[in-house]
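Numbering of the sequence shown is given in the working numbering, commencing with residue 105 and proceeding in unit increments.
By construction, the Cβ of each residue, glycine as well, lies at the ideal position given by its N, Cα and C atoms.
Since the structure is predicted, the reported quantities are computational estimates derived from the model, not experimental observations.
Shown next, in structure tokens, is the structure this report addresses.
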Amino acid sequence: MKLSEQLKNNPAGNFFLLAGPCVIEGEDMALRIAERIVKITERLKIPYVFKGSYRKANRSRLDSFTGIGDEKALRVLRKVHDTFGIPTVTDIHAADEAQMAAEYVDILQIPAFLCRQTDLLVAAAQTGRTVNIKKGQFLSPQAMHFAAEKVVGAGDTDVMLTERGTTFGYQDLVVDYRGIPEMQAYGYPVILDATHSLQQPNQAAGVTGGMPQLIETIARAGIAVGADGLFIETHEDPSVAKSDGANMLRLDLLEGLLERLVRIRRAITEA
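Here it is as structure tokens:
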């Protein structure tokens, strides 16, 4: 069975979770975060995928942190997989990164602003890994059918789609929850990114802002309308995170949030 199907059709009938830090900042930090989330998700019977970008190519300023080194960060992702026996996911930004990253992780993620890049999608498909395509902030849900078909047409049917908000003016995003069932109609699991949907890009300081106090609001609504999975970036202390700290969830808040979301999931599936 494809990994995307395993995550969606889990025995507990739960949503699945992609969660972790925005970027790999070091091995110890990644292992601590993974260990904490594994304990929570095992108790709540939530299928879990550890997320961490091995490199951040999409930064506002030249002096922004981009990573600890590609191979070093990818080895950290492999160690998380081997230590806890869980799948891992990371972003890729160019076609020549696909095969390299695929040797270390289970899922290749296509950043939203690159979701129309044919060479990137085809290269990801050719690795045979699961491909998670984030919906561009500038695209309709219907347009994501074509992005998915590029991957399928290149020979890989293990595809997931992620809603991460739509551009609303220059410095804000809004989630149109109609897009979740609209993208599910194409037959792929659909994930709601509850943290990037709250970004406030294009700030004058050159550092992306966010509204983390609304993460639970976004996540609750996503589960209520039937999202198959959730994507949540989390950090032990977002105030010192090297990337996207302004819209990450503090790690110690994750357990309570997931408990409440599981109750919502149970309510809508048992109704």
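Just measuring C-alpha positions, the residue of M105, P151, G117 and A123 sitting nearest A138 is A123.
The three-state secondary structure of T145, taken from DSSP, is helix. Residue pairing for F242: DSSP places it in no beta bridge. Contact between I211 and T234 holds: CB atoms are separated by about 4 Å, below the 8 Å threshold.
Here G326 is actually not in contact with L318; their C-beta atoms are around 12 Å apart, not less than 8 Å. Distance from the Cα of F217 is smallest, within the candidate group G232, G240 and Q275, for G240. Excluding residues up to 5 positions away in sequence, V235, V255, A258, G259 and D260 lie with their Cβ nearer than 7 Å to the Cβ of A229 in the same chain.
Between T271 and F242, the alpha-carbon positions lie close to 6 Å from each other. G171 sits away from P125, with the two beta carbons spaced by 8 Å or more. Taking 8 Å as the cut-off, the beta carbon of A252 is found closer than this to the beta carbon of Y290.
Scanning I190, G273 and L353 for the CA closest to the CA of L135 turns up I190. Within its own chain, the residues whose Cβ lies closer than 6 Å to the Cβ of E131, once the five positions on either side in sequence are excluded, are V180, listed in chain order. With distances taken between CA atoms, D262 lies nearest to Q213 out of Q213, G173, V329 and S347. Shown here, S157 sits in a strand according to DSSP, grouped into three states. Annotation for D297: the continuous beta strand (DSSP E) segment containing it runs V294 to D297. By the Cβ-count criterion, V153 is buried, with 16 or more other Cβ atoms from all chains shown falling within 10 Å of its own Cβ. Counting only runs that start and end inside the region 320 to 361, the beta strand (DSSP E) elements of at least 3 residues fall at 333 to 339. Across the set I336, D276 and D174, the C-alpha of I336 shows the shortest separation from the C-alpha of L361.
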